[in-house]
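> Encoded as C-alpha cells, here's the structure I'll be asking about.
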Amino acid sequence: MKWFTPMLCMLSINSTCQADTITLRADEWFPVNGDPQAEHRGYMIDIATKIWESHGHSVDYQIMPWERAIEETRSGQVDCIVGAYVEDAPDFVFPTSALGMDESHFFSLSKNNWKFHGINSLKQVRLGVVGGYAYDEGPLDAYIEKYENSSRVQIMKGNNALEQNIKKLISGRIDSIVESPMVMKAKLKKMGLHLDIQDVGTIGDPTPMYIACSPQNPNSKEYVEQLSAGIDELRINGELHKILSHYDIDDWEVSIVSNNK
Numbered sequence: 412m413k414w415f416t417p418m419l420c421m422l423s424i425n426s427t428c429q430a431d432t433i434t435l436r437a438d439e440w441f442p443v444n445g446d447p448q449a450e451h452r453g454y455m456i457d458i459a460t461k462i463w464e465s466h467g468h469s470v471d472y473q474i475m476p477w478e479r480a481i482e483e484t485r486s487g488q489v490d491c492i493v494g495a496y497v498e499d500a501p502d503f504v505f506p507t508s509a510l511g512m513d514e515s516h517f518f519s520l521s522k523n524n525w526k527f528h529g530i531n532s533l534k535q536v537r538l539g540v541v542g543g544y545a546y547d548e549g550p551l552d553a554y555i556e557k558y559e560n561s562s563r564v565q566i567m568k569g570n571n572a573l574e575q576n577i578k579k580l581i582s583g584r585i586d587s588i589v590e591s592p593m594v595m596k597a598k599l600k601k602m603g604l605h606l607d608i609q610d611v612g613t614i615g616d617p618t619p620m621y622i623a624c625s626p627q628n629p630n631s632k633e634y635v636e637q638l639s640a641g642i643d644e645l646r647i648n649g650e651l652h653k654i655l656s657h658y659d660i661d662d663w664e665v666s667i668v669s670n671n672k
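Mapping of the sequence shown onto our numbering: residues 412 to 672, in sequence order.
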C-alpha cells in the first residue's frame, strides 16, 4: 500500500498529505475499542487505522479513563476520542458519517424479576453507570444527573469501569447496569458470566457513534473528512465487512435498512 500514498496525495485537492501520528484515546469498550496490544484492537480502531494509513498517517491508540480522554482531547493534548456520541462532547469535530450505531440497555441478575419500564421504574433499583458517559441524550441522562449524588445512581470511573460495575452487580451492591448490548455481551463472555446476567430493557432508539476530534487541532476537520469518505469506500470495496466479521457484528447501515423494512 505504501506506493499508493503518493498517488493519493497527487490526486487529492483537499488533503494536505502531511504524515501525522494521530492519537486516539478512550476507555476499553470492546468490540468498539479494546486492548491496544491485541491482534484485533476493536473495529473502530481497525477502521480508523485502515483509513488514516491510506493517507500516510499513523495511529497511536491507548486506553485511559473516559472523562480524562475527553478532557485531554478538548485541550488538544490528544487528537481524537473513540466511540463518542455527539452528546459526549458536542464541541468536538465530528465526521458526517457515523462509525456505528448503539443503544443503551439495562441489565440485571438473571434471578432478578425487575424489568425496565420507563424512567420511573429506575427508582426501584440502584443503577450502575460509567462516569462521563452519555447514554441517551435525553431522559436517562437527566435522571443520572439528578440522582448522581444519591444511592440511586452509582458512578464508576477508570479504565475497567464496566468490569467493576459487573462485579458490583454480582455481589448485590447494585441492582442494574446500563450499557451497550454489544459491549456487555463481549464483556460477559470474557468474564464467563453470560448466563448470570440478563437484558431487561432498552431506553430507546439507536444513537450514532463516532470518532470525534479535538476542537483545538486545526487538522481535525481534515481527519474527520477522511474518515467519512473512507468508511464509504470501505463499505463499497468489502473491507468494512471483513473488519466487522472479526468481531461478529453487522454493518450498522445494513441493520438500519433491514429494521425499516
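Heads up, the beta-carbon is just placed ideally off N, CA and C, and yes, glycines get one too.
Going residue by residue through the region 455 to 514, where are the continuous alpha helix (DSSP H) segments of at least 4 residues, counting only ones entirely within it?
With a minimum length of 4 residues, the continuous alpha helix (DSSP H) runs that stay inside the region 455 to 514 are 477 to 486.
> Under the DSSP definition of a beta bridge, which residues are partnered with Phe518?
Note: Phe518 sits in a beta bridge opposite Ile588 and Asp610.
> On the premise that Val541 lies in contact with Val564, defined as a C-beta separation below 8 Å, what is that separation, rounded to the nearest angstrom?
Not a contact, Cβ separation roughly 11 Å.
> Tell me which residues share the same chain as Ile547 and place their Cβ nearer than 6 Å to its Cβ, disregarding the 5 neighbours each side in the sequence.
Per the sequence shown, the amino acid found at residue 547 is Asp instead of Ile. Excluding positions up to five away in sequence, the list reads Ser515, Ile614 and Gly615.
> In this structure, does DSSP put Ala623 in helix, strand or coil?
If DSSP states are grouped into helix, strand and coil, Ala623 belongs with the strands.
> Work out the CA separation of Ile654 and Phe441 for me, nearest whole Å.
Cα-Cα distance, rounded: 14 Å.
> By DSSP, does Gln565 sit in helix, in strand, or in coil?
In this structure, Gln565 counts as strand in the three-state DSSP scheme.
> Would Gly649 be called buried (16 or more neighbouring beta carbons within 10 Å of its own) or exposed?
Gly649 is exposed by the Cβ-count criterion.
> Would you tell me roughly how many angstroms separate the C-alpha atoms of Ala430 and Asp610, rounded to the nearest one?
Answer to the nearest angstrom: the Cα atoms are 45 Å apart.
> Based on the DSSP output, what are the partners of Gly539 in its beta bridges?
DSSP lists Gln565 and Ile588 as partners of Gly539.
> Just reading off the beta strand (DSSP E) that Ala642 is part of, what are its end residues?
For the record, residue 642 in the displayed sequence is Ile; it is not Ala. Ile642 -> not in any beta strand (DSSP E); alpha helix (DSSP H) instead, spanning Ser631 to Asn648.
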